[in-house]
Amino acid sequence: MFMRAFIDNKLVIASNNDGKILELREILKVFDIHILSNRDFNIAEPIEDGKTFKENAYIKSFNTASKTKLVSLSDDSGISFRALNNRPGIHSARYAGKKKDFALAMKKINKELEFKDDKSCKFTCALSLCWPDGYNITVQGEICGEFSWPPSGRNGFGYDPIFYYPKLKKTFGELDPAVKHEISHRNLAFKKLKTQIKKIVHE
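Quick note on numbering: the sequence shown equals residues 70 to 272 in our numbering.
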């Protein structure tokens with residue numbers, strides 16, 4: 070099997086989202102590599118025109134890898150509600166407009182669910198690790214929960230304050246960050262990614 074390496078012992082997180090960068094940095098601590106992000110290279114976000122989380126994750130990781138000539142890791146994640154035909158899904162970030170105003174997006178979802186009995190939802194995260202030549206490892210993780218209103222908790226980011234996790238009886242916004250990192254859809258995806266990385270990456 071052809072082995073791969075982290076070029077210059079660096080990894081670029083393909084994001085300008087502070088919350089996402091912080092969470093991915095925490096997860097990536099298991100690797101002894103220098104972590105950078107799009108901010109370090111002034112890279113703008115590409116047009117995400119994929120039809121799935123995995124497709125959009127790859128679009129972002131390849132965009133950054135091709136421009137930096139380094140290995141890049143991207144995340145494409147979102148929340149889906151069964152009662153809303155799995156909306157907002159891949160459109161989660163812009164559900165309330167191009168400014169990505171999550172407070173408005175959460176209010177919009179609350180209004181749409183007002184007369185729905187089914188409050189079940191799930192968080193999905195696709196992670197794509199990509200090399201400059203386009204070779205990639207792309208995986209996906211999911212975690213199920215319930216819609217909670219009003220939003221509760223100041224930890225995390227995005228839709229965390231309305232995602233209630235029954236097992237711990239708290240929203241993701243209320244959870245201690247270390248606890249959330251351990252159980253989140255992002256970490257579930259990362260565990261899959263780490264297994265694949267160990268098969269092909271030499272350090």
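Ideal Cβ positions, reconstructed from N, Cα and C, are used throughout, including at glycine.
Please list the terminal residues of the continuous alpha helix (DSSP H) segment that includes residue i.
i      : result
Asp109 : Asn107 to Phe110
Ala174 : Phe171 to Glu181
Leu93  : Asp87 to Ile96
Quick one: what's residue i bridged to in DSSP?
i      : result
Val140 : Leu80
His103 : Lys79
Pro157 : Ser149
Arg255 : According to DSSP, Arg255 bridges with nothing at all.
Val270 : Arg73
Tyr234 : Lys239
Would residue i pass as a contact of residue j if the rule is Cβ separation under 8 Å?
i      : j      : result
Phe216 : Ile159 : no
Asp187 : Ala165 : no
Cys213 : Lys238 : no
Ile96  : His250 : yes
Asn224 : Gly210 : no
Gly147 : Thr193 : yes
Ala126 : Ala195 : yes
Glu117 : Ile102 : no
Tyr233 : Met175 : no
Ser130 : Leu198 : yes
Leu173 : Phe150 : no
Asn179 : Trp218 : yes
Phe226 : Gly88  : yes
Asn85  : Glu124 : no
Pro230 : Pro220 : yes
Mind checking which residues open and close the beta strand (DSSP E) that includes residue i?
i      : result
Glu211 : Asn205 to Phe216
Lys191 : Ser189 to Cys199
Tyr164 : It is not in any beta strand (DSSP E) - Tyr164 carries neither H nor E in the DSSP assignment.
Tyr228 : First-last for Tyr228: undefined, no H or E at that position.
**OP:** State whether the segment 132–141 contacts the segment 75–92, with contact taken as three or more CB pairs (one from each stretch) at a distance under 8 Å.
**Re:** Yes, they touch.
Original post:
Does the segment 96–116 come close enough to the segment 152–169 to have 3 or more Cβ pairs within less than 8 Å?
Top reply: no
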